[in-house]
Amino acid sequence: MTRQKATLIGLIAIVLWSTMVGLIRGVSEGLGPV
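Following numbering that gives the first Met the number 0, the numbering of the sequence shown begins with 0 at its first residue and continues without gaps.
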């Protein structure tokens, strides 16, 4: 695997993780305090 490809995969993983965390927080706030 090339270094550039590894960096690209890392960036995609970070973006996906941030999106998931944002969605989970949005849903949690929508449901109210648990």
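Yeah, the Cβ is synthetic: ideal placement off N, Cα and C, and Gly gets one too. Every value quoted in this text rests on a predicted model; they were computed, and no experiment measured them.
Where does residue i fall in DSSP's three states?
i, result
"Gly31", "coil"
"Thr6", "helix"
"Met0", "coil"
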